[in-house]
Amino acid sequence: MTQEKKAFTLLINDQEMQVSTVPHSRLLDVLRDLNFMSVKQGCGTGDCGVCTVLLDGKPVRSCMTRVEQAVGHAVTTLEGIQQDGKMHPLQEAFVVTGAIQCGFCTPAQILTAKAFLDENPDPAEDEIREAISGVLCRCTAYVRVVEGIQRAAAVMRGESVPPVEHIAKLLPEDVSQIDLPEDFLRVDGGTAPIPPLVYTPEEMTGMKVVGKPIVKSDAPKLAKGRPVFAGDLKMDGMLHGVLMTSPHAHARIKSIDTSKAEALPGVHAVLTYKNVDRVKHCSGGQSPPKPLPYDQVVLDDKLRFVGDRVAVVAAESVEIANEAIRLIDLEYEVLPAVVDAEEAMMDGAPVIHDEDDTEGIYDAEHNIVHHIEKEIGDVDGAFAEADHVFEGTYRTPKQQHAHLEPHVTMTWWDEDDRLVIRSSTQVPFHIRRMVAPLVGLPVQRIRVYKPRLGGGFGNKQEMTLEDMCSLLTIHTGRPVLMEYTRKQVFTSSRSRHPNVVKCRVAVKDGKVTATDIYTIGDTGAHGTQGLTVQMAGGLRGLTLYNSANARYVTDVVYTNKPPSAAFRGYGAMQVQFGVEVLMEEAAEALGVDVVDFKRAHWIRKGDPMRMAVALGEGREGFAQSLESGDYGQLMDIGMQATDYKNKHASYREQTGTIRKGIGFSVTMHGSGVAGLDMAAATIKLNDGGFFNLAMGAVDCGTGSDTILAQIAGEVLGVPAEDFVVCASDTDHTPFDKGAYASSTTYISGNAVRKAAVKVAGQIKEHAAAMLGMDDPDAFVLEDRKAVAPDGQFVTFAEVAMSSLHQMNQHQIIASASHMSYHCPPPLAAQFAEVEVDTETGQVTVERMLMVVDCGRVINPITAGGQAEGGMSQAWGFALCEDMVYDQSGKQLNTRLGPYHIMKSNEAPSLDAIFVENDEPHGPLGAKSVGEMVTDGGAPAIVSAIYNATGVWARELPVYPEMLWRLVNEK
Ligand code: FES
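Using my numbering, read the sequence shown as starting at 316 and increasing by one per residue.
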């Protein structure tokens, strides 16, 4: 029943405003209806804090505050803290310190910090962490947020502050002589933010734009809370789409009657499997041909997990749509469900995909989607001859991305009757291609673009809302906005594949002679990306130590849980956890030093990556070798920075209840998918001498728009700010596969570099003609000028003026694309220091330090942000993040609070050291960094727990109770 509206008078940002709304409305909705779009919805349950505003100067969660509670009080939103159009010191500090990645939490962080600093102008660091602990951030791990608040506090106290810089050092030939800044030794512990440290070999110095810690180009608008996210747009006549989800893990719809829902005033469409075409597809945003099976349809009469799609409604408001959903008459035939992957493979288990129109399931009777066996050398022979065989079974959790911006899509018909999809997607071009057959439109009648993304981490590589939202617009003719609730992000979107990883190594004469890995990947109700995730995991896991005799067998298995799909780390996190822990277990059992043992086996520069051909992503791969990077260098630096050897030896001797531990892992990832990923870019010179950079690459908050402009700027001799970046829009930018597979810096960066080289050639040619010279190649581009060998020059503004208006008139513009058969692995040594309470099993991580080789570091602050955020997600994977299900398949922790991602007051010190290498295939020597930084955290933490307690935690997350049992059993 629709409630009567009432008038309220609110004081918002010092202005009195009249509001007409229903009693008890959430202040969050009232403020957003008034276009205060800096106020974000992240959960609606008071867990995440991104809706925080100030009430009489105190932070409150606007999702938990009723409009009546705001009457008579002063409400402040981020829009209200600027003075005379000038950013508040907190906004300025967040911009320059790199405290903003996706920026979805930023308005709430800034307001909370403002309230705190107003009361406590000179706080200690731990007080800051406590003060902001109610506002979650999934991207930054809070390192730069704390730094930003410290900086703003200093400014507000009238102190001068130095420029924000990383620490740059020359890399000596012999890293045993490394000159480590004292902060990096963390002698007194603590979590004070320290800048990223970059070691550069002499021969790699001399860059002018690349390697500089310039501010992310989107940071100012994010700091101001501008309406830049998918849910921030409103249109006349806009309807709200709401998804009805399955309450059962496995059921068939026996009957469904939507007539009462359709008759409800304000309802414009109700879609079910009965009125939507059954087109088989796969929701993963990947380049075609995607591996079979295509086991999904938009809406089905069979439901395979709690949260599966039942119906979708378009109505005048979310409330009316929800009322319509309550009016749908449904009868379910509830079927037996299976939620454990190993049980799902057994004879007699419920068959999840028994439909007859899905092709390509390996063994539907046993719910096995894919079964892969790959082997090189003679694995059985090596095991038969081994002196020792070590084996272990390792289990990893169903981790959720927990990006703070839920999935949001808006669709409408444009004036040319083309369907526009504005979506929080990592893959606009894939979405365009995938949606077309599902909605019955040719691809050319669809435009997809993404605004700013509030984080993605792989979850937005899937088509989640775009197909349903498009169909609602097609059925109603109206703009439609759809947004998952936080509960639906958990129950209806995607997660990481839980894995069972069974590893064996054969050792003869102290050397590992064979590695044998079997994994079971739980893909949930659909196989999307199951094959590629498991194959990528096998490749990374087996390449670390690169056995000449190696076998990888994997089963990808359906269960009645939400589909697993892409998540930062993409299989590598799971398999490397097993491999790294088993290698340390083997060293311990052999009584040899674990560093020496791993050092004797890890892959070295020049080595072929032996499994690269057998384990492509979903198909045969390409021959690869490691052409840059050195684990020895990374380990040696990391050991000095952590005093690893001394601590490791002394901690082994501990007794007592509270014990320290230190551990490490080595890790690797890839850079793009070899032979498949393609990206393109266009650069255009404009009047005035500035450039447009149009590209399909998607910035999810990582800073890719900025670092790609830095690459172009380095080539063209201009600062990154001279580029107006447009990315990504299927109508207005060239193709890019999207943001996934650690491909943006490497693949998109190479496309940008090539386009810049072409534009540079055109500028030189025109400049030479302007100066009457005949050797354009002799010109140098620097400081926005084309400079001839004799010192004469023309500015880019003059080149633009001449080429566009005066002489040999033409547009200086170039496009380029890039695909690579090389997939250079970035490498890292990850260290962790813990404290374990053996009476409770509680593990407290005190420090994580990552020493990273990502080739050339394009921007030290954004790269450091990736490392810090990646380690925080690895921390959660290791210690607390898991989607927990009961036997019926119902998830028990569908709120961010109980699910538990890292808060600011529980974050350890998170430090990053970069060791630059010149990757021959990378743009200006760069490799990827975004995913590898998550891969090594869990084994390093488990290694440290072993150092503290002498027990191996082979199952993640390491819950206190589980560790307590292990310690007590020992
Ligand atoms: Fe905090 Fe993305 S920057 S959630």
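Virtual Cβ for every residue (Gly too), placed ideally from N, Cα, C.
Every value quoted in this text rests on a predicted model; they were computed, and no experiment measured them.
Euclidean distance between Cα positions of residue i and residue j
i, j, result
"GLU638", "VAL557", "10 Å"
"ASN1065", "ALA994", "8 Å"
"TYR1061", "PHE1050", "15 Å"
"ALA927", "ARG444", "44 Å"
"GLN844", "PRO603", "12 Å"
"THR970", "LEU1271", "25 Å"
"TRP917", "ALA901", "14 Å"
"GLN1107", "ASP1037", "23 Å"
"SER1224", "GLN465", "16 Å"
"ASP547", "GLY600", "24 Å"
"GLY1184", "MET983", "17 Å"
"LEU905", "ALA1268", "19 Å"
"PRO721", "VAL909", "43 Å"
"SER1019", "ILE691", "38 Å"
"GLU932", "THR828", "26 Å"
Beta-carbon spacing of residue i, residue j below 7 Å
i, j, result
"SER808", "SER879", "no"
"GLY976", "PRO1140", "no"
"LYS536", "THR1021", "no"
"GLY755", "LEU719", "no"
"ILE676", "VAL684", "yes"
"ILE1216", "GLY1179", "no"
"ALA1189", "ALA1253", "yes"
"ASP623", "SER561", "yes"
"LEU343", "ALA385", "no"
"VAL382", "SER353", "no"
"VAL1166", "LEU949", "yes"
"ALA929", "TYR885", "no"
Residue interval of the alpha helix (DSSP H) (run including residue i)
i, result
"ASN961", "959 to 966"
"PHE409", "404 to 412"
"ASP441", "440 to 446"
"GLY856", "845 to 860"
"LYS913", "909 to 914"
"ILE464", "458 to 471"
"MET797", "First-last for MET797: 795 to 798, but that is the beta strand (DSSP E), not the alpha helix (DSSP H)."
"LYS575", "574 to 578"
"ASP1069", "This sequence places Lys at residue 1069; Asp is not what is there. Where LYS1069 is concerned, the enclosing alpha helix (DSSP H) stretches over 1064 to 1085."
6 Å CB neighbourhood of residue i in its chain, flanking five on each side removed
i, result
"MET559", "VAL625, ALA626 and ILE640"
"VAL410", "VAL530, ALA534, PRO535 and ALA538"
Paired residues, beta bridge with residue i - DSSP
i, result
"GLY978", "ALA1147"
"ASP1051", "ALA994"
"MET1163", "ALA1147 and LEU1225"
"TYR709", "VAL816"
"LYS999", "ASN1007 and ILE1128"
"PHE1108", "VAL1102"
"ARG1270", "In the sequence as presented, Arg is not what sits at residue 1270; that position holds Glu. ARG710, per the DSSP bridge assignment."
"TRP728", "LEU734"
"GLY936", "For GLY936, which the question treats as bridged, DSSP gives no partner whatsoever."
"VAL502", "VAL502 is not bridged to any residue."
"PRO1157", "A small fix is needed here, since residue 1157 is Gln in this sequence, not Pro. Answer is ASP1152, bridged to GLN1157."
Close beta carbons around residue i, own chain, < 8 Å, minus the five adjacent residues each side
i, result
"MET1010", "ALA994, ALA995, ALA996, THR997, LEU1023, VAL1040, CYS1041, ALA1042, SER1043, THR1048, PRO1049, ASP1051, SER1063, ALA1066 and VAL1067"
"GLU706", "LYS817, CYS818, ARG819, VAL820 and LEU897"
"ARG567", "ASP616, LYS617, LEU618, TYR647, GLU648 and LEU650"
"ALA1103", "ALA1082, ALA1083, LEU1086, MET1088, ALA1093 and PHE1094"
"GLU658", "ALA664"
Close-in-space but distant-in-sequence residues of the same chain around residue i (CB under 7 Å, 5 per side omitted)
i, result
"ARG760", "ARG733 and LEU734"
"VAL591", "VAL613, LEU614 and LEU786"
"ILE415", "PHE409, THR421, LYS531, ALA534, LEU537 and ALA538"
"SER980", "GLU895, GLN1145, GLY1251, PRO1254, ALA1255 and SER1258"
"THR838", "VAL684, HIS812, GLY845, VAL871, VAL872, TYR873, PRO878 and SER879"
Range covered by the beta strand (DSSP E) that runs through residue i
i, result
"GLN333", "330 to 336"
"TYR1261", "Taken as a continuous stretch (DSSP letters only), TYR1261 belongs to no beta strand (DSSP E), being part of the alpha helix (DSSP H) at 1252 to 1264."
"PRO374", "373 to 376"
"ALA483", "482 to 485"
"LEU558", "554 to 560"
"THR324", "321 to 327"
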